Amino acid sequence: GAGVSQSPSNKVTEKGKDVELRCDPISGHTALYWYRQSLGQGLEFLIYFQGNSAPDKSGLPSDRFSAERTGGSVSTLTIQRTQQEDSAVYLCASSPRTVNYGYTFGSGTRLTVV
Amino acid sequence: AQTVTQSQPEMSVQEAETVTLSCTYDTSENNYYLFWYKQPPSRQMILVIRQEAYKQQNATENRFSVNFQKAAKSFSLKISDSQLGDTAMYFCAFMKHASGTYKYIFGTGTRLKVLA
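The listed protein sequences derive, respectively, from chains B and D. Anchor point for the first sequence: position 9 equals 290 in the working numbering, and the numbering is continuous, going up by one each time. Anchor point for the second sequence: position 13 equals 499 in the working numbering, and the numbering is continuous, going up by one each time.
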């Protein structure tokens, strides 16, 4: 597509439920990232996918968080047993392999856990 | 570990005036990249300008320019002739060159409001 697409745009869920957030990167971009933006804070790295390499999961805050990228394209971030502290904007970005020109971000999913 | 500090949580500027947003960072690396991103209410992060650490010349993009002081580890953003559309959160970001994972380290942002 023309840009990075994320869905849903907003999600309200009850504490303890599982949620899935979807990211559709720019066609041909081999790198895909997930970041979390909590209220009043900067962006926190979660996970990175590059081609067929093993993902860098070093930023995932707990084992309730997982992500996969199927066919080197669409990615899903899953949060199990959501907690109120999971409330944040989850941003996805993609880039060509040469990333020093910066990423292209999506508009994010605002997750609210009530 | 690298850190990025933006010491101005909020700033305002009159339309058509010039404003400078500050950013400092801490790293022991010699090769890296620095970026400024803009985040309007739409939430999408938009790249404003980038700087390669090995280049001494300050980057410019139309009304946006940086003052890169490598020894001082400072990377400020100057916006000239401010426009209402410049109202947004601005994030400074550091990226390490040739790292296994090209992830950003972001500052906490500066909320800029351009006043009519």
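Even for Gly, the Cβ is constructed at its ideal location relative to N, Cα and C. Keep in mind the model is a prediction, meaning the values are calculated, not measured.
Note to self: Please list, in chain order, the chain B residues whose beta carbon lies closer than 8 Å to that of Lys-589 of chain D.
What the structure shows: Tyr-314, Phe-326, Tyr-329, Asp-337, Gly-340
Margin query: Once the 5 residues before and after Tyr-511 of chain D are set aside, which same chain residues still bring their CB inside 6 Å of it?
Written below: Val-490, Lys-559, Phe-580
Next item on the list: Report the partner residues of Gln-525 of chain D according to the DSSP bridge assignment.
Entry: According to DSSP, Gln-525 of chain D bridges with D:Met-575.
Check: chain D beta carbons: is any one of them nearer than 7 Å to that of Phe-386 of chain B?
Finding: Closer than 7 Å: yes.
Checklist line | C-beta contact flag for Gln-473 of chain D and Cys-578 of chain D at 7 Å | finding: Since the first residue shown for chain D is 487 and the last is 602, residue 473 of chain D is missing from the structure and cannot be characterised.
Margin query: Looking at the secondary structure, which residues open and close the beta strand (DSSP E) in which Ser-290 of chain B lies?
Written below: No beta strand (DSSP E) holds Ser-290 of chain B; DSSP gives it neither H nor E.
Check: Assuming Leu-598 of chain D and Val-534 of chain D make a contact with CB atoms under 8 Å, what is their CB distance in whole Å?
Finding: Actually they are not in contact, since the Cβ atoms of Leu-598 of chain D and Val-534 of chain D sit about 11 Å apart, beyond 8 Å.
Next item on the list: Show which residues of chain B have a CB atom less than 9 Å away from the CB atom of Phe-577 of chain D.
Entry: Residues of chain B passing the Cβ test: Gly-323, Leu-324.
Notebook entry, point to check: What are the start and end residues of the beta strand (DSSP E) that includes Ala-502 of chain D?
Noted result: Ala-502 of chain D -> no beta strand (DSSP E), and no H or E assigned at all.
Notebook entry, point to check: chain B partners of Leu-533 of chain D, CB-CB under 7 Å?
Noted result: What Leu-533 of chain D touches in chain B: Gly-383.
Note to self: With a threshold of 7 Å between beta-carbons, can Tyr-519 of chain D be considered close to chain B, or not?
What the structure shows: yes
Check: If the cut is a Cβ gap below 8 Å, which residues of chain B does Gly-432 of chain D touch?
Finding: Lying outside 487 to 602, the shown extent of chain D, residue 432 of chain D is not represented and no answer is given.
Next item on the list: For chain B, find out if any of its Cβ atoms is closer than 7 Å to the Cβ of Gln-530 of chain D; answer yes or no.
Entry: Taking Cβ atoms only, chain B reaches closer than 7 Å to Gln-530 of chain D, which makes this a yes.
Notebook entry, point to check: Is the shortest distance between the beta-carbon of Thr-594 of chain D and the beta-carbons of chain B less than 7 Å?
Noted result: yes
Next item on the list: Check whether the Cβ atoms of Leu-324 of chain B and Ser-375 of chain B sit closer than 7 Å, and answer yes or no.
Entry: In this structure, Ser-375 of chain B does not lie closer than 7 Å to Leu-324 of chain B by Cβ.
Notebook entry, point to check: Are there three or more Cβ pairs, one per stretch, closer than 8 Å when the segment 511-522 of chain D is compared with the segment 344-363 of chain B?
Noted result: no
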